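**Q** Chains as they are written, first to last, in our numbering: chain A, 49 to 281; chain B, 49 to 281.
Glycine residues also receive a C-beta, built at the ideal position from the N, C-alpha and C atoms.
On a predicted model such as this, the values are computed, not experimentally measured, just so you know.
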DNA sequence: TTGCTTATTGGTCGCACACTCAATAGCATC
DNA sequence: GATGCTATTGAGTGTGCGACCAATAAGCAA
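(1) So with CB distances below 7 Å, who are the chain A contacts of residue 32 of chain B?
(2) Quick check on DSSP: helix, strand or coil for residue 249 of chain B?
(3) Which word fits residue 114 of chain B, buried or exposed, when buried means at least 16 other C-beta atoms lie within 10 angstroms of its C-beta?
(4) Scan the segment 82 to 128 of chain B and note each continuous beta strand (DSSP E) run of 3 residues or more that stays entirely inside, going in chain order.
(5) At least one CB of chain A closer than 8 Å to the CB of residue 214 of chain B: is that the case?
(6) Would you verify that the beta carbon of residue 167 of chain A is, or is not, closer than 8 Å to some beta carbon of chain B?
(7) Output the distance between the C-alpha atoms of residue 98 of chain B and residue 223 of chain B, rounded to the nearest integer angstrom.
(8) Relative to the alpha-carbon of residue 230 of chain A, which residue among B/131, B/272, B/253 has its alpha-carbon at the smallest distance?
(9) Using a Cβ-Cβ cutoff of less than 7 Å, which residues in the same chain neighbour residue 180 of chain B once the five nearest sequence positions on both sides are dropped?
(10) Report the CB separation of residue 178 of chain A from residue 186 of chain B in whole angstroms; it is logged as a contact under 8 Å.
(11) Any beta-carbon of chain B closer than 8 Å to the one on residue 242 of chain A?
(12) Does any C-beta atom of chain B lie closer than 8 Å to the C-beta of residue 230 of chain A?
(13) Within 8 Å of any Cβ in chain B, is that where the Cβ of residue 261 of chain A sits?
(14) Mapping DSSP to helix, strand and coil, what is residue 130 of chain B?
(15) Quick one: list the residues of chain B neighbouring residue 256 of chain A, beta-carbon separation under 9 Å, in chain order.
(16) Excluding the five sequence neighbours on either side, which residues of its own chain have a C-beta within less than 7 Å of the C-beta of residue 239 of chain B, listed in chain order?
(17) Comparing the C-beta of residue 140 of chain B with each C-beta of chain A, is any distance below 8 Å?
(18) Any idea what DSSP makes of residue 66 of chain A, helix, strand or coil?
(19) List the whole-angstrom C-beta distance separating residue 93 of chain B from residue 76 of chain B, where the pair is believed to meet the contact cut-off of C-beta under 8 Å.
(20) From this set, B/214, B/130, B/61, which residue's C-alpha is nearest residue 271 of chain B's C-alpha?
(21) Within the continuous alpha helix (DSSP H) that includes residue 218 of chain B, where are the two ends?
(22) Along the alpha helix (DSSP H) that carries residue 254 of chain A, what are the first and last residues, could you check?
(23) Does the CB of residue 183 of chain A have a neighbour CB from chain B at under 8 Å?
(24) Under three-state DSSP, which class holds residue 183 of chain B?
(25) Identify whether residue 58 of chain A lies in helix, strand or coil by the three-state DSSP scheme.
(26) Could you spell out where the alpha helix (DSSP H) holding residue 224 of chain B opens and where it closes?
(27) Identify which residue in B/64, B/220, B/157, B/82 has its Cα closest to the Cα of residue 188 of chain B.
(28) Under the three-state reduction of DSSP, which class applies to residue 274 of chain B: helix, strand or coil?
(29) Under 6 Å Cβ to Cβ from residue 243 of chain B, same chain only, skipping five residues before and after it: list those, please.
(30) Look up residue 157 of chain B in the DSSP assignment and say whether it is helix, strand or coil.
(31) Could you work out which residue in A/241, A/267, A/269, A/249 is closest to residue 257 of chain A when comparing CA atoms only?
(32) Grouping DSSP H, G and I as helix and E and B as strand, with all else coil, what is residue 266 of chain B?
(33) So which residues on chain A does residue 59 of chain B lean against when the C-beta distance must stay under 8 Å?
(34) Given a limit of 7 Å on CB to CB distance, which residues of the segment 77 to 103 of chain B reach chain A?
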């Protein structure tokens, strides 16, 4: 029998195959965790033999790091899209930023609107998957040095993106702060702190706790309380 | 040769042996991570055969959960010792709290002093190991349900202990808050948020970020800024 | 001292993992 | 249609894991 197994080989362009592998690995990482990114698992996902994955990633650790980097970059772009022309990475690029002009309605958002939308999105249940990924990566970083470096780069990317929005807001006169970097880091600390519970079904948390990101942002940026709720619609 | 291997069997009281196993597992969990708590590893630690560990813990998952519970309880007692007679766990006891009277100098500390000391200790580098353990447990909870329950119980224990100090302070007129629970959770969120970096060597962080726990506590408890620094000595 | 309970051993099984490498076959090029 | 490059396979290695179980011996009680 052995009916449904694919018999015919499909020979692809190395670059395309590699991208395909990374995409599959990123999807598995996001949905099931970085420890599920194994040669066998990704090979099965793509209906190829494990040896092929080894061929593109001689060390499995590199694939895991790449999967995390790809997934995290994708999620950041979804949560807080970069404005056209925005320079948000002082470090070597993690990924090529698509250089096409962004849709008009995005470019039209004010810094307050962008920040409000980001904070709204990081409160939803959809954000749990991303929280899980970060916890996963931060823990696995303990043992895998390649991943550790990737995590550091992603941290810088997320902080840089958020910092950019804050700077835009200061420039536009919407925000008031002396140290955009410190505010960005403080916000990320709060979001990380709230996100660690993503794997453990936490009972209802006090409203003051759920509002921490908004409260922190409004306090540190000199916004009237409630501003960000209203801006989020 | 096979010189140094232990030949003679040592037969111990089951309760004592079990305690020994848990202690060894907790030490390994704290120092090397929960995934290093394996039958073979703990057996080697105690110079016994792996089968013996299986005998006491038919499911390895139970041992891992027990190791985390033991380590976390021990660290909480070290960071924020329970006052004599303090009732800090509404849930079934995670561990028997030693009922002996505490040293005089500890019992003499005011709530402000206890809180200040706790926050000082959670800032030191010694706290990194505990942060690592929490990240580890929170991530592994994704896959291990027994551990997940233990994490929930420990969260409750830590929150309860902190909440107790806050209530004492309110009662003593040192703190002012309407909702001690919310304050306790907010503090833990900030500490968790700062702790997630324990595995990734983070560059210097802005002073405002490092002071977040103190700032949060002082703000939420109606303390004059600087109070907790001074109380910590 | 003898005997009995049971804590402890030693060995085995099956599984999943990363990694290696010679053999094979797709496909672009001629 | 034939040829050559190389992407892809298939098979095998070694490691570490949890789980299982019959045999053994430690140490207490009779």
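**A** A quick look at the data gives this:
(1) The displayed coordinates of chain B run from 49 to 281. Any statement about residue 32 of chain B would go beyond what the structure contains.
(2) coil
(3) With 16 or more other Cβ atoms within 10 Å, it is buried.
(4) none
(5) no
(6) no
(7) 52 Å
(8) B/253
(9) 246, 247
(10) Not a contact, Cβ separation roughly 15 Å.
(11) yes
(12) yes
(13) no
(14) coil
(15) 227, 230, 231, 233, 234, 268
(16) Exclusion of the five residues before and after residue 239 of chain B leaves 170, 261 as the residues of its chain whose Cβ lies within less than 7 Å of its Cβ.
(17) With a pLDDT of 49 at residue 140 of chain B, under the threshold of 50, the modelled position of this residue cannot be trusted; read the value that follows with caution. Not one chain A Cβ lies under 8 Å of residue 140 of chain B.
(18) helix
(19) 7 Å
(20) Sorting B/214, B/130, B/61 by C-alpha distance to the C-alpha of residue 271 of chain B places B/214 at the top.
(21) 193 to 219
(22) First-last for residue 254 of chain A: undefined, no H or E at that position.
(23) yes
(24) helix
(25) coil
(26) Unbroken run through residue 224 of chain B: none, as it is neither H nor E.
(27) Looking at the Cα atoms, B/82 is the closest of the given residues.
(28) coil
(29) 179
(30) coil
(31) A/241
(32) If DSSP states are grouped into helix, strand and coil, residue 266 of chain B belongs with the helices.
(33) Within chain A, no residue comes near residue 59 of chain B; the closest Cβ sits about 37 Å away, beyond 8 Å.
(34) 81
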